[in-house]
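Below you'll find the structure, written out as structure tokens, and then a few comments.
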Amino acid sequence: MARTGWVTPIRLCQVLLGIAIFALIIYTLAVYKFDSVTKFMLFLGIWTGFIAPSYLGLAPVHFPRLAHYLVIPVVEISTFIMLLVGLILKGVDLPPASECKFAACEATQAVVVITAVECVLFLATSVQSIIDARQLHDKTVAKEQIVQTAAAREGAPETTQATETV
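In structure tokens, the structure reads:
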């Protein structure tokens with residue numbers, strides 16, 4: 001896939017923010033709240049800190065067969081949707097700022113803010129991956145049309161030669 005210069009720094013930011021989400025959620029789980037939303041956010045911290053950016057950054061370069069032009073946008077968009085769901089669920093669960101007087105509650109607020117930033121970053125890279133996939137698809141279709149046209153041109157003289165010799 002075509003890479004633009006701004007995607008690599010965004011990937012590094014995604015990794016750092018994912019690790020920050022992971023660390024803050026671990027702290028929240030240990031001290032404050034152990035509910036299903038926090039467990040989902042723990043999964044998101046692992047997914048966005050270690051798994052998704054590693055695949056999205058390394059697969060197109062080192063493992064091109066694993067980086068099908070449709071898989072990259074699907075991973076990007078699904079990660080964006082999961083982050084958006086986690087952001088909404090954690091934001092709804094968040095107490096008001098006036099009632100948040102201890103460190104674990106403030107860590108939960110930080111998780112919501114960091115998740116919002118991470119969600120925007122994945123939205124930007126999702127749009128770019130869709131554009132890249134569309135361009136790659138158009139190039140593939142154009143190459144197939146050129147091959148079919150060339151095959152038709154080569155096939156046409158052979159049929160006329162065969163009819164002339166008969």
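In terms of full-length UniProt numbering, the sequence shown opens at residue 1 and continues consecutively.
For every residue, glycine included, the Cβ atom is placed at its ideal position computed from N, Cα and C.
Environment of P64 [buried if 16+ CB atoms lie within 10 Å]: Here the question's residue 64 lines up with position 64 in the sequence shown. Under this definition P64 is an exposed residue.
Decide if the region 18 to 36 is in contact with the region 130 to 137; the criterion is three or more beta carbon pairs, one per stretch, under 8 Å apart. no
Assigned secondary structure, A107 (DSSP; H/G/I helix, E/B strand, else coil): Here residue 107 refers to the residue found at position 107 of the sequence shown. Residue state, collapsed to three classes: helix.
First through last residue of the alpha helix (DSSP H) which encompasses G91: The residue given as residue 91 occupies position 91 in the sequence shown. Looking at the DSSP string, the run of the alpha helix (DSSP H) that includes G91 is V71 to D93.
Around the C-beta of T149, are 16 or more other C-beta atoms found within 10 angstroms, so that it is buried, or is it exposed? Looking up residue 149 in the sequence shown gives position 149. By the 10 Å Cβ count, T149 comes out exposed.
Y32 and C105: beta carbons closer than 8 Å? Mapped onto the sequence shown, residue 32 falls at position 32. Mapped onto the sequence shown, residue 105 falls at position 105. Result yes, Cβ atoms of Y32 and C105 sit closer than 8 Å.
Helix, strand or coil: which one does DSSP assign to P53? Here the question's residue 53 lines up with position 53 in the sequence shown. In the structure shown, P53 sits in a helix (DSSP, three-state: H, G or I).
Spatial distance of K143 from C119 (CA atoms): As a working note, residue 143 is residue 143 in the sequence shown. As a working note, residue 119 is residue 119 in the sequence shown. The alpha-carbon atoms of K143 and C119 are separated by roughly 36 Å.
Below 6 Å CB to CB, which residues in the same chain sit around L89 once its five sequence neighbours on both sides are set aside? Here residue 89 corresponds to residue number 89 of the sequence shown, with the count starting at 1. V37.
Which first and last residues belong to the alpha helix (DSSP H) in which R11 is found? Residue 11 sits at position 11 when you count from the first residue of the sequence shown. Looking at the DSSP string, the run of the alpha helix (DSSP H) that includes R11 is V7 to V31.
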